[in-house]
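The next block holds one structure in the form of structure tokens; read it before the comments.
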């Protein structure tokens, strides 16, 4: 079984015993949720965390039977390895009992409930939603049209679960052997990029079949890749077809045909999808953000049309995104 982190970083809840204080502290790290515990005795909760680029690795134990509700509006995915005890997960009509050694996942676009035993202890890998969905788009060579959702639970005997379990153990060993600048170098962006690829290729999710099909696709031609990369890096600037064709070094018609063939959408649709994702990510991360200023910063000019597209993409208006996490 994967070793715990508790011998390395300090316990973030060492002086916290009231359930409301525990909930606030955990929410700052793992995302917005509500928590209820059984019993009235003081909590002896433990929370340890190691920062990663675009996420982190945490160990959590509440010390009491606990119920946690995620509203489905968080800004990160939580990949949970149960180290001890057990927990039950539910989302809509789906239910799963998770025991020691199994992997469970809380997807940010999906409301879920977790009920833990008093002795439940988990190792949590958290990855920012925007970063993981960008990695998914890179692997698919296309922009996802619907939110990414992982299977709620993966049995301990599943091959992917074993790989994730071994990976988390390796991360623990890396951290325990390095400190300071050395650890920061090892736990850099390249490691997180690899982790995201591992999670997307080894655990079942809503795009697993599409990824299998994309493995047989021809790699993106250079002119499509140049235009795509320019869009991703310059969302705040005007991105007309003429500008993108000039950057790509081809005619507008050639660029349109390339996007249709390899990304299944037009350049304009790709720009719109990326701006939708960027606005959603900013409003998710900053509940106090001004909606109009956020849209302008992401290159949006027509607020009315963009808001309609936003509702179709995420199921609610930009103002509701901000309100859900305030």
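Numbering (our numbering), first residue to last: 2 to 327.
Where is the CB? At the ideal position from N, CA and C, for every residue including glycine.
Computed from a predicted model, the values in this text were never measured in an experiment.
With contacts defined by Cβ atoms closer than 7 Å, residue 56 and residue 110 do not form a contacting pair. Counting the other CB atoms within 10 Å of its CB gives residue 95 a total below 16, which places it among the exposed residues. Per DSSP, the unbroken beta strand (DSSP E) holding residue 59 starts and ends at 56-62. When DSSP assignments are scanned along the stretch 107-167, the uninterrupted stretches of alpha helix (DSSP H) that are 4 or more residues long and fall wholly within it turn out to be 130-141. Under DSSP, residue 70 shares a beta bridge with 35 and 114. Counting only runs of 4+ residues, the alpha helix (DSSP H) found wholly inside the stretch 247-275 occupies 253-264, in chain order. In the structure shown, the three-state DSSP call for residue 280 is helix.
When the alpha-carbon of residue 45 is set against those of 35, 62, 58 and 106, the nearest one is in 62. Following the DSSP letters along the chain, one finds residue 315 inside the alpha helix (DSSP H) bounded by residues 304-315.
A residue is called buried once 16 or more other Cβ atoms fall within 10 Å of its Cβ, and residue 297, having fewer, is exposed. Residue 27 is not a Cβ neighbour of residue 104, given a cutoff of 7 Å.
By the CB criterion at 7 Å, residue 251 and residue 231 fall outside the cutoff. Exposure of residue 93 is indicated by the presence of fewer than 16 other C-beta atoms within 10 angstroms of its C-beta.
Of the residues 289, 285 and 278, the one whose Cα lies closest to the Cα of residue 311 is 278. DSSP places residue 18 outside both helix and strand once states are collapsed to three, so it counts as coil. Secondary structure note for residue 51: it is in no alpha helix (DSSP H), and the uninterrupted beta strand (DSSP E) holding it is 47-53. Distance from residue 213 to residue 136 at the Cβ level is roughly 16 Å; contact not present, criterion being Cβ atoms closer than 8 Å. Closest in alpha carbon position to residue 289, among 170, 320 and 306, is 320. Spanning the alpha carbons of residue 71 and residue 130 requires a straight line of approximately 15 Å. Under DSSP, the beta-bridge partners assigned to residue 99 are 88. Looking at the backbone, the Cα of residue 118 and that of residue 76 are separated by about 26 Å.
Taking C-beta atoms as the reference points, residue 172 and residue 48 fail to come closer than 7 Å.
Under the three-state reduction of DSSP output, residue 241 falls in the coil class, being neither helix nor strand. Listed in chain order, the non-local C-beta contacts of residue 317 below 6 Å within the same chain number zero, local neighbours out to five positions each way being set aside. The C-alpha of residue 153 is placed about 28 Å away from the C-alpha of residue 12.
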